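One structure is given below, encoded as structure tokens.
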Amino acid sequence: MHFCLTGQYTPRALSAILENPATNRQEAAAKLIEAAGGKLVSMYSVAADGPGVLVIFDVPDPSAAPAISGLTVTTGALQNVKLTRLFTQDEIKQVRQNAVKLRGSYKPPGS
215 MHFCLTGQYT
225 PRALSAILEN
235 PATNRQEAAA
245 KLIEAAGGKL
255 VSMYSVAADG
265 PGVLVIFDVP
275 DPSAAPAISG
285 LTVTTGALQN
295 VKLTRLFTQD
305 EIKQVRQNAV
315 KLRGSYKPPG
325 S
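According to my numbering, the sequence shown is numbered sequentially starting from 215.
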């Protein structure tokens with residue numbers, strides 16, 4: 215399952231990065247994701263809402279994604295973290311097929 219994690223670096227993390235500007239955050243992210251049985255797909259730095267990061271990763275166990283997200287928050291590295299489940303086009307096709315099957319089973323409130 216693919217996930218997108220975004221967040222802004224905390225002031226403490228930014229200070230640490232400035233003290234060692236050659237630090238490789240992508241390597242650290244890959245190591246954490248691989249420890250959870252996953253794979254880092256891509257990682258980008260972003261400037262929106264302050265210096266931050268956007269990480270796309272794949273993990274076989276969906277419970278690993280919030281664990282990864284939570285760990286980055288508890289270490290003080292990131293703040294304002296958002297975790298989003300990404301769906302492949304094949305997965306969306308399955309979702310649509312399921313929705314068609316379930317359509318007649320739901321009645322909205324007031325109907």
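Here a beta-carbon is modelled for each residue, glycine too, at the ideal position from N, C-alpha and C. Computed from a prediction, not measured in an experiment: that's the story for all the values here.
Within the stretch 254–324, the runs of alpha helix (DSSP H) that reach at least 4 residues and sit entirely inside it are, in chain order, 278–288, 303–316. A direct Cα-to-Cα measurement between Ala261 and Pro235 gives close to 17 Å.
Following the DSSP letters along the chain, one finds Pro225 inside the alpha helix (DSSP H) bounded by residues 225–233. Between Leu297 and Leu219, the C-beta spacing is below 8 Å. Under the DSSP assignment, Ala249 falls in the alpha helix (DSSP H) whose first and last residues are 239–249.
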